[in-house]
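Asks: Residues in the sequence shown are numbered consecutively from 2, following the working numbering.
Just so it is clear, CB atoms sit at the ideal spot from N, CA and C, and this is done for glycine as well.
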Amino acid sequence: ILLHPSDHKNRKDWSNIFAFLDDNFGNYRFKRILDLGGGTGSLAYYFAEKNEDCLSVVLDFNAGLLEKAGKLHRNIDTIKYDINYDSLPFPDNSFDLITMWDVVEHLGEPSQVLNEINRVLKPGGLLVIETPNAKSLIHLIANISYRLSFGRWKYFISKIYIPSHLYYFSKLTLSDMLQRSGFVCDEKKVPFKSLFDDLDIIFSANESKEKWAKSKLFKFLVNLQMKFSEAINMPYRLIIIARKNHFYQFY
Numbered sequence: 002i003l004l005h006p007s008d009h010k011n012r013k014d015w016s017n018i019f020a021f022l023d024d025n026f027g028n029y030r031f032k033r034i035l036d037l038g039g040g041t042g043s044l045a046y047y048f049a050e051k052n053e054d055c056l057s058v059v060l061d062f063n064a065g066l067l068e069k070a071g072k073l074h075r076n077i078d079t080i081k082y083d084i085n086y087d088s089l090p091f092p093d094n095s096f097d098l099i100t101m102w103d104v105v106e107h108l109g110e111p112s113q114v115l116n117e118i119n120r121v122l123k124p125g126g127l128l129v130i131e132t133p134n135a136k137s138l139i140h141l142i143a144n145i146s147y148r149l150s151f152g153r154w155k156y157f158i159s160k161i162y163i164p165s166h167l168y169y170f171s172k173l174t175l176s177d178m179l180q181r182s183g184f185v186c187d188e189k190k191v192p193f194k195s196l197f198d199d200l201d202i203i204f205s206a207n208e209s210k211e212k213w214a215k216s217k218l219f220k221f222l223v224n225l226q227m228k229f230s231e232a233i234n235m236p237y238r239l240i241i242i243a244r245k246n247h248f249y250q251f252y
């Protein structure tokens, strides 16, 4: 598989994602796949390679990323489009699988976009969403440390609350929004970690000026916290798999 250079470490995660879908929905053959906000197209390419004769489409507003996608992955289609402002440019019942990685939190009208996704999914089609978990352990630590320091200790707050994130979801709030848009959420525990390295959020997403934050001890403690958060079901990342409800109608 030819992946974007920054994505090589995530190959195992994508393989686990596909294995989970195959194990639980093995009778459903993905012939048409759409990756919303897919950037360089690596995830769409992975699914396309795993599904013979599959049409895989990447939709993103960033022309530069889509240009890279076209050069890296010859067997996917790319469309420049901003889903914040317009309906999806596809007819009803077009896709078997739609993925959204780190997208829903950036949307101005997420419910409206989910309604559109429901429209273009085939009956019984799948939607896979990954987004930061508002009820994660690291969010809890960030809020408590900020409040106990009377707003003086902003390290974690500045890393996990990003200006471009317009919404933050818990499993409950995201599941509720999906159900209101005509989806049935899968309740199985998803046995794989985030597509992204959560430590990148703490150390790389915003370069820290604090010397202590670059110490090996601090990184070890944060890494330990990340693993513990997975164990107690408070992970930084939230992943939900939903199926289009066959009988849902908008009124």
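Could you give the first and the last residue of the continuous beta strand (DSSP E) run that contains ILE80?
Replies: 78-81
Asks: Could you tell me which residues DSSP pairs with PRO133 in its beta bridges?
Replies: ARG238
Asks: Under DSSP, the beta strand (DSSP E) around LEU98 begins and ends at which residues?
Replies: Boundaries of the beta strand (DSSP E) around LEU98: 96-102.
Asks: What do you reckon, are the CB atoms on ILE161 and HIS140 nearer than 8 Å?
Replies: yes
Asks: So who's on the other strand from PHE184, going by DSSP bridges?
Replies: LYS245
Asks: With distances taken Cα to Cα, identify the nearest neighbour of LYS32 among PHE91, SER43, ALA49.
Replies: It is ALA49 whose Cα lies nearest to the Cα of LYS32.
Asks: Quick check: the stretch 119-129 against the stretch 73-83, are there 3 or more CB pairs under 8 Å?
Replies: no
Asks: How big is the Cα-Cα spacing for PRO92 and ILE118?
Replies: 11 Å
Asks: How close, in whole Å, do the beta carbons of ALA243 and LEU128 come, if the pair is a contact with beta carbons under 8 Å?
Replies: 5 Å
Asks: Quickly, what does DSSP pair ARG33 with across the bridge? List them, please.
Replies: LEU56
Asks: For PRO236, count neighbouring Cβ atoms within 10 angstroms of its own Cβ and tell me buried if that reaches 16, exposed if not.
Replies: buried
Asks: Going by DSSP, what residue range makes up the alpha helix (DSSP H) through GLY152?
Replies: That residue, GLY152, is in no alpha helix (DSSP H); it is neither H nor E in DSSP.
Asks: My assumption, with CB atoms under 8 Å, is that ASN246 sits in contact with GLY152. Please give the rounded CB distance.
Replies: The pair is not a contact, with the Cβ atoms about 44 Å apart (cut-off 8 Å).
Asks: Please look up how many angstroms separate the CB atoms of ILE130 and ILE34, rounded, as I've assumed it's under 8 Å.
Replies: About 15 Å separates the CB atoms of ILE130 and ILE34; that is not less than 8 Å, and the two are not in contact.
Asks: Helix, strand or coil for PRO111 per DSSP?
Replies: helix
Asks: For THR79, which residues from the same chain have a beta carbon less than 6 Å from its beta carbon, with the 5 sequence-adjacent residues on both sides left out?
Replies: VAL59, LEU67, ALA70, GLY71
Asks: Spatial neighbours of ILE233 within its chain, please: C-beta separation below 8 Å, excluding the five flanking residues on both sides.
Replies: Correct list, in chain order: LEU138.
Asks: Grab me the residues of LEU108's own chain with a C-beta within less than 8 Å of its C-beta, minus the 5 sequence neighbours each way, in chain order.
Replies: ILE84, ASN85, VAL114, LEU167, TYR168
Asks: Over the uninterrupted alpha helix (DSSP H) stretch that includes VAL223, give me the two end residues.
Replies: Its alpha helix (DSSP H) spans residues 217-232.
Asks: Provide the residue span of the alpha helix (DSSP H) that contains GLU68, from first to last.
Replies: 64-73
Asks: Buried or exposed, going by whether 16 or more other CB atoms sit within 10 Å of the CB of GLU110?
Replies: exposed
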